[in-house]
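Protein chains in written order, with the working numbering: chain A, 121 to 622; chain B, 121 to 622. Below is one structure, written out as structure tokens; the observations come after it.
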């Protein structure tokens, strides 16, 4: 994989000087076009051997292009805010917006390679990380991002010479790399695992470019030309990609049976039972959230449901059990301008709670496979791939000990009608009913089908859906609270076991 | 100040039960109206004696109102990201957006009171903090925010009884306050310093409300009614406040002398001198940024200037001296939707660098007293108060060892014309010239007057303006670099001295 990057590529100064002005001008033009179109972000990943010119190249790109449209990001030591959340959170929070370019030093590849080289995990751990990177990049590309991955390479001998030269040059000695790089052992392991990573993550949508790093002219010109060509290709892509992928069909529904149809909608609680059970479950939740094992977890609760199914009321009963300092309720409405300039899941990642905290999403990332699907706000290909992306997302949360609980509050059509009418009559509830609600109601069957698919495709071992029979509000509220409590208890037991094993 | 909150206010249960439903409904209506108008945020500060019902009241407000429109924020331990920035940054980053309500526990008042009670500083330190709080709140209110400040009070005897009762109640014992509260000493000091703080910071635009905390009915109903009344008053304020304050006139210019006029615009450097000095200053900057004393500082450089004065080119020469991982360039254009939902300075606060880092603002917060003033984008009252707010802002940066360097790049009218024409002819520069630029040029004299006032009012000992004669780009670039270097060196010397004193 690295052979052709150890053969001494070089460009003489005259050729370089002759080519650079036109390249630079073209890069500036492309960058301007990128900003004007504002259709996609560019993400440049910088990896490779120490001393192979990574830093110099990034510096040069900043000189050649307009640095005001470039963000250089480093990911060294994690901050405590980052340590309290899933590992990918730090990358999500620093993604460049559409029209801009983000250069990521010390990205997910450096993290996995460092981990493997220093023995913090073995090959299975590395392969897991590789899989995560693949899924992340696939998702970013599907969302339109243009990704360049550069591996700056040197042979072992070249590296030793280079580090020695840098060390001896007083102007550059500050750049000298960490000591362990000067040992051959590290080089060998780094290259061996690097090969595995590159082999597995070089994909048509985000290929690796291995750049020989010895000659500055060669490596600069090569990187510049790759960037330019990639930018040109992406900038001239057609504006609308109607159905880029031929989305596979969903299984047809050929009988009348459905998960929602199988719910016993007559379940109810009388007032006395309700009050007793509510208080019991609230006290239980209050205690669990104060359990010291909660410090190792975070909690995310997703509330979806028919309009007027009682999401707000259920959320309030959950909140009432808690110290307001511990939870946050995030109502999901139309995305803001900054959110629209990012991949779909960005606006949810930004609200992921730190360890010990609880975030309630009042509607959620499932909007893509519900309202956006039914109303045609996004292409079929986009909501079809969302099932997989959402499963990946929730798995990352789960891996980081974020407990995810998901509720679909279901009511029947008649109950909804009665609640709509009631809301229109009560003054302080009238703001809860809009024309949209009446319009959505006309698409009852479409939503029902979408909910069915959603549950089939995203109710997983990692994070199951709970369907809540919500014709009776009391029943629904108690079931919601009880489900959260059970999830917390199960998670505490699981992590007790894991901790014991260690 | 606290006498009338120690007399045993109480409301019987029947009265309470009779009043709450209507109050609750009215609060919900007001909250909905707040969201619909989206004109201003509500900030509720919660302070006072431990055990006086702070937490319970916040919990109750979340139950009474729609918790999806409320954000409860706590400010306990600072995160390392917060510790690396000026103290106010943590409050700015969590301000509620227009239309929403933020409840701040553990706010700036708790911080200053804890500091004083535990002897981390004396009265002068407390008074400084008080002054900072006053300026912050005045600015927030001028920007439209509605601020409620609640002090929950108990007499010493009441507090002791309350803490004892809580401790003995197994359902509440987890709420028990830190041990030091159970000592009378702390109570006395807390109340004494609290009085000083309340006296000094109770202002017409953000008064304190002292609430006796013994009786839950009394304190809940009182807080609810104050919130409701305040919300009603604010929601019915006229939509446009043309000139709320009668802005004092600026001093007239009665002769032809001006600071900009006194610049020697013929200053220039020939090519050889330029190249030598540029390299010298760049190497000096590179060294200073790697100086270990830089770890205690951050650097902010503001670039303002006539259109086509060469801001971009000067910024690139600064960037060229640095490791791209160390600096960030923030181009300031029209604010985003999320930025428009916040006070004016919010969008600059969010980019304040952490210690050791450098942020370049390509245009800045001075937009308010330049383009917004000249183009009439904001009322005179708004840009007039901006001078003071900006001085406060920069003083906070400076106090936190953020070095602020500000440049006005000045060219004369003829030079600008030549550069505009040149830009229209060179392909890769054509995106740098727009119709706006030609339009702005027609207001040359207005901008000149605005720049004069800006420099007079915001060139301070804490953060001086550097006027840069930029007809000759070489001269300008070297002067910019040299000025930054001098500022860094001076700051290092200053902090060496401060550290020696300690």
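We treat Cβ as the ideally placed atom computed from N, Cα and C, and that holds for glycine.
| Query | Result |
| --- | --- |
| Whose C-beta lies closer than 7 Å to the C-beta of residue 362/A among residues of the same chain, with five residues either side of it excluded? | Because the pLDDT at residue 362/A is just 48, under 50, the model does not fix this residue reliably, and the value given afterwards should be weighed accordingly. Excluding sequence neighbours, residue 362/A sits near 499. |
| Have a look at 617/A, 202/A and 152/A and flag the residue whose alpha-carbon is nearest the alpha-carbon of residue 218/A. | 152/A |
| Hey, residue 161/B and residue 220/B are a contact pair by Cβ (cut 8 Å); roughly how many whole angstroms apart? | 6 Å |
| CA-CA distance, residue 474/B and residue 517/B? | 11 Å |
| With DSSP run on the structure shown, which of helix, strand or coil describes residue 227/A? | coil |
| Spell out whether any CB of chain A is found under 8 Å from the CB atom of residue 443/B. | yes |
| Would you please state the rounded distance, in angstroms, between the beta carbons of residue 335/A and residue 129/A? I believe it to be under 8 Å. | 6 Å |
| In chain order, what residues of the same chain lie with their CB nearer than 7 Å to the CB of residue 131/A, ignoring the 5 residues before and after it? | 335, 337, 338 and 341 |
| Provide the residue span of the beta strand (DSSP E) that contains residue 83/A, from first to last. | The structure shown does not extend to residue 83/A, since chain A is modelled only from 121 to 622, so the question has no answer here. |
| Any contact between the region 531 to 548 of chain B and the region 506 to 517 of chain B? By contact I mean 3 or more CB pairs, one from each, below 8 Å. | no |
| Does the beta-carbon of residue 604/B have 16 or more other beta-carbons within 10 angstroms, so that it is buried, or is it exposed? | buried |
| Check whether the Cβ atoms of residue 125/A and residue 331/A lie closer than 8 Å to each other. | yes |
| Using three-state DSSP, classify residue 430/A as helix, strand or coil. | coil |
| Mind checking the region 456 to 467 of chain B against chain A and listing, in chain order, the residues whose C-beta falls within less than 8 Å of any C-beta there? | 456, 457 and 458 |
| Three or more beta-carbon pairs under 8 Å between the region 586 to 605 of chain A and the region 400 to 410 of chain A, yes or no? | yes |
| Cβ-heavy atom distance between residue 184/B and the ligand MN below 7 Å? | Although the ligand MN was asked about, the structure shown includes no ligands whatsoever. |
| I need the straight-line Cα distance from residue 525/B to residue 247/A, nearest angstrom please. | 48 Å |
| Residue 526/A touches chain B at which residues, Cβ-Cβ below 9 Å? | Under the 9 Å cutoff, chain B gives no residues; its nearest Cβ is about 18 Å from residue 526/A. |
| Spell out the partners DSSP gives residue 588/B in its beta bridges. | 529/B |
| Within its chain, find whatever has a CB closer than 7 Å to the CB of residue 150/A; leave out the 5 residues flanking it on each side and keep chain order. | 348, 351, 352 and 355 |
| Between which two residues does the beta strand (DSSP E) containing residue 273/A stretch? | 266 to 273 |
| Relative to the C-alpha of residue 481/B, which candidate in 436/B, 461/B and 493/B has its C-alpha closest? | 436/B |
| Under 8 Å between C-beta atoms, does residue 199/B make it to chain A? | yes |
| Hey, quick one: how far does the alpha helix (DSSP H) through residue 260/B stretch, first residue to last? | 243 to 262 |
| For a test of the three-state rule: what should DSSP assign to residue 358/A, helix, strand or coil? | coil |
| Kindly list, in the order they appear in chain A, the residues whose Cβ is closer than 7 Å to that of residue 225/B. | 445 |
| Looking at the C-beta of residue 194/A, does it have a partner C-beta in chain E at a distance below 8 Å? | In the displayed structure, chain E is absent; the protein chains listed are A and B. |
| Beta-carbon separation of residue 269/A and residue 165/A under 8 Å? | yes |
| Please report whether the beta-carbon of residue 545/A lies at a distance below 8 Å from any beta-carbon of chain B. | no |
| To the nearest whole angstrom, what separates the beta carbons of residue 226/A and residue 215/A, a pair I think is in contact under 8 Å? | About 15 Å; that fails the 8 Å criterion. |
| Roughly how many angstroms lie between the CA atoms of residue 623/B and residue 568/A, to the nearest whole one? | The structure shown does not extend to residue 623/B, since chain B is modelled only from 121 through 622, so no value can be given for it. |
| Using the beta-carbon count (16 or more within 10 Å), is residue 333/A buried or exposed? | buried |
| Take residue 462/B and list the residues in its own chain whose beta-carbon comes closer than 7 Å to its own, dropping the five residues that flank it on each side. | 215 and 217 |
| Tell me which same chain residues have a C-beta within less than 6 Å of the C-beta of residue 204/B, skipping the five on either side of it? | 474 and 475 |
| Do residue 587/A and residue 380/A come within 8 Å of each other at the CB atom, strictly closer than that value? | yes |
| Around the C-beta of residue 321/B, are 16 or more other C-beta atoms found within 10 angstroms, so that it is buried, or is it exposed? | buried |
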